[in-house]
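In our numbering, the protein residues as written are 1 to 594. Each residue gets a CB set at the ideal place from its N, CA and C atoms; glycine is no exception. Remember, it's a predicted structure, so these values are computed and weren't measured experimentally. Working notes, beginning with the structure itself.
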Amino acid sequence: MKMTNLELAELLRRIAAAYEILGENRFRIIAYTRAADSIEHLTSELKDYWDNKRLREIPGVGDMLAGHIDEMFRTGHSKHFDSVMAKLPTSIYPLLLVPGIGPKKAYKLVTVLKLKNEKTVISDLEHAAKKHKIAPIEGFGEKSEELILSNIAIYRKGQIKENRMTLPVADGIAADIIAFIRRVPSVKRVDVLGSLRRQVATIGDIDIAVATANPKEVIAHFVAYPHQEIIEEGPTGASLRLHNGRQVDLRVQKSGRYGAMLQYFTGSKNHNIALRSFALSKGLSLSEYGIKHVRTGKIDTYATEEAFYNALGLPYIPPELREDKGEIQAAIRGSLPKLVDIKDVMGDVHLHTDYNLEPSHDLGMDSFTALLDRAAELHYEYIGLSDHNPSITNHSEKQIVAIMKRRKEYYEQQYSSWEKKTHKRVKYVLMCEVDILPDGKLALSDAALEYVDAVIASVHSSFTQERRIVTKRIVRAIESNPKVRILGHPTGRLLSKREGIDADWGEVFRACKTHDIALEINSYPDRLDLPDTLVFDAIKSGLRFCINTDSHAADHMNLMQYGVSVARRGWATKDDIVNTLSYNKFKSWLLKGA
DNA sequence: GCCGTTTTCGGCCCGACTGTTTTCAGTCG
1 MKMTNLELAE LLRRIAAAYE ILGENRFRII AYTRAADSIE HLTSELKDYW DNKRLREIPG
61 VGDMLAGHID EMFRTGHSKH FDSVMAKLPT SIYPLLLVPG IGPKKAYKLV TVLKLKNEKT
121 VISDLEHAAK KHKIAPIEGF GEKSEELILS NIAIYRKGQI KENRMTLPVA DGIAADIIAF
181 IRRVPSVKRV DVLGSLRRQV ATIGDIDIAV ATANPKEVIA HFVAYPHQEI IEEGPTGASL
241 RLHNGRQVDL RVQKSGRYGA MLQYFTGSKN HNIALRSFAL SKGLSLSEYG IKHVRTGKID
301 TYATEEAFYN ALGLPYIPPE LREDKGEIQA AIRGSLPKLV DIKDVMGDVH LHTDYNLEPS
361 HDLGMDSFTA LLDRAAELHY EYIGLSDHNP SITNHSEKQI VAIMKRRKEY YEQQYSSWEK
421 KTHKRVKYVL MCEVDILPDG KLALSDAALE YVDAVIASVH SSFTQERRIV TKRIVRAIES
481 NPKVRILGHP TGRLLSKREG IDADWGEVFR ACKTHDIALE INSYPDRLDL PDTLVFDAIK
541 SGLRFCINTD SHAADHMNLM QYGVSVARRG WATKDDIVNT LSYNKFKSWL LKGA
């Protein structure tokens, strides 16, 4: 039976909700919810786990759930799931998507108001609220009735689009506000919190923490920042909606308690849950205020996060790792990875210049020498020229070979005059970003590839191919010429615009490992590709990465930090990244196939 | 129903907010 991860996660959430209504053991409910989260965030298809009899390896899936899921795949049903679902009307489930309505309220509303139609239940509820049929229900009242109406409106808005920001957009907004906040003399520290601090690929709201002895003054100043609406203003913080529609939350704390607050609001939620669970085993209870000794009730406070983690007997855990992917266990064992840092990066080898080789895709905007100058500013040892291949539809094979030959000569000449003129020391490698055609062939012949040192092979078309086909396609491209050294933006995703390809990543990774191919971590903020979760998986497969900016202008070269963040979120160390190598070592790795 | 610094049994995160309630239940992050 075909069943996606999302579908099964949704089913498990429904079972959890049903259990809640039925008064099941609350830990069983938590277990189902946990399993749902875990399955939703898997980077491989559940079916692959099932095929390989590895369901039990999924965190949160034990013998019991693995049995039910197995039954689903074999027969299309699970007797157990069906029997639970049969006990309750299906019209409760859509209501759970409305903010403020959980399982208990949904059940009460559905039964008392006799809302039976799953398809229309939200409109039916809205109708009932307007007719004041909700206020009289036990446990509800006037306010609940109004709240339901406004929350249905919010739900409908949310349905239209989930509008998240890329990292530089969020960084820009945060930087401006932070500069504004710093004007208050009593401000001791300012940090971003939440997903922005953890450098998640897309950001919803912006959260900011301030340490100060004078919270009142800081909050009063903050709400004077240009805004559309003050959503909330209280003694410990405030929330604004900006003119661009973005929400910004401020949290204020005294310096002595700042560490616990920073830790708490950086999250992730799952990291905090796991951390509190660990703390409890030591008789300690964690909160945003500090660490409480359960036996005595005494609360210790912490000025820094380091001190907070150390008090639990753990080393500092970098924010990028706080996703409950085993970082606490690693911290306990003392085996946290020493994450790669932007300063480790020695070169950027996916750059497009304005040299017109009549390419298949867009040219860069700046010259080779402009990129060399920028590389020198960034203290790189080397760059890689990776223009798109010449268009294959507009040229003959002979023309393409001639173009590639001319290109090589052009860059050689440009480089030598730049070097003489500036005496700067940046080296370059001559590469090419070559399309992986729908059948897995490269868009450049072996003859044309004589004129490059190495190839970044990338998918730029046919993104919706079936998994088996697209997997074979990539493997074929990797094996087609030994000059292929890097797999460019492997999934092809564009954040909030296009899903990536649906490949069997395990198989792609095996092929990359066999041929010592590096996976690109593309730093361009709309891509961030390979995604961090796949970086994490690929490292386990023993792969290495090349962090590139895919710059089409010199300014884009400054986006390297975002690719480094992806690498860090995937637990990458310096040794996992090929472009942390010195020029000589990098080049000898790159030229292995030449 | 899951899972393990030691635990294969006995635990399982914490606090805020809201609205309905006279001490709490439900929901959320």
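Within its own chain, the residues whose Cβ lies closer than 6 Å to the Cβ of D537, once the five positions on either side in sequence are excluded, are T43, listed in chain order. Contact between G440 and K472 holds: CB atoms are separated by about 6 Å, below the 8 Å threshold. Sixteen is the threshold: when 16 or more other Cβ atoms of the shown chains lie within 10 Å of the Cβ of P359, as they do, the residue is buried. Counting C-beta atoms within 10 angstroms of its own C-beta, H132 has fewer than 16 neighbours from the protein chains shown and is therefore classed as exposed.
If the five residues before and after K269 are omitted, its C-beta is found closer than 6 Å to no C-beta atom of its own chain. Non-local beta-carbon contacts of D387 in its own chain, meaning distances under 8 Å to residues more than five positions away in sequence, involve H352, T353, Y355, L357, P359, L363, G364, R407, C432 and E433 in chain order.
In the structure shown, D537 adopts helical secondary structure according to DSSP, grouped into three states. Collapsing the DSSP output to three states places R241 in a strand.
G172 sits in a helix when the DSSP states are folded into three classes. Distance from the CA atom of L543 to the CA atom of R568, rounded to whole angstroms, is 15 Å.
Cβ contact annotation for L149 (same chain, cutoff 6 Å, sequence separation greater than five): A129, in chain order. It is roughly 44 Å from the alpha-carbon of A311 to the alpha-carbon of I383. Here the alpha carbons of C512 and Q329 stand approximately 29 Å from one another. Burial check for F265: the Cβ neighbour count within 10 Å reaches 16 or more, so the residue is buried. With a minimum length of 3 residues, the unbroken runs of beta strand (DSSP E) contained wholly in the stretch 261-310 fall at 284-287 and 290-293. Closest option to K298, judged by alpha-carbon separation, among E466, S285 and Y309: S285. Between A9 and E40, the C-beta gap is smaller than 9 Å, which places the two residues in contact.
For K427, the enclosing beta strand (DSSP E) stretches over residues K427 to D435. Beyond the five residues adjoining it in sequence on each side, R246 comes within less than 8 Å, by CB distance, of M165, I173, D205 and I206 in the same chain, given in chain order. Cβ contact annotation for H221 (same chain, cutoff 6 Å, sequence separation greater than five): V184, in chain order.
Separation of the CB atoms of N151 and V98 is rounded to 5 Å, and the pair is thereby assigned contact status at 8 Å. The residues S186, in chain order, have a CB closer than 6 Å to that of A213 in the same chain once the five nearest residues on each side in sequence are set aside. Note on geometry: alpha-carbon atoms of T580 and T514 lie some 22 Å from one another. The alpha-carbon separation between A503 and I469 amounts to approximately 8 Å. Closest option to D532, judged by alpha-carbon separation, among D550, K325 and V429: K325. Between the stretch 407-425 and the stretch 458-465, the count of Cβ pairs shorter than 8 Å is below three; the stretches do not touch.
The continuous alpha helix (DSSP H) containing Q399 extends over residues E397 to T422. The shortest CA-to-CA distance from S541 to any of H552, R527 and D576 is the one to D576.
Counting the other CB atoms within 10 Å of its CB gives D516 a total below 16, which places it among the exposed residues.
When rounded, the separation of the alpha-carbon atoms in D373 and V452 is 22 Å.
For P337, the closest C-alpha among the options D348, V349 and I317 is that of I317.
Annotation: the continuous beta strand (DSSP E) that includes T212 extends over I206 to T212. When the alpha-carbon of V349 is set against those of K87, G62 and M560, the nearest one is in M560. For R251, the enclosing beta strand (DSSP E) starts and ends at Q247 to Q253. Within the stretch 502-582, the runs of beta strand (DSSP E) at least 3 residues long that lie entirely inside it are, in chain order, 518-522 and 545-548. Below 8 Å, too few C-beta pairs join the stretch 239-255 and the stretch 269-278 to call them touching: fewer than three.
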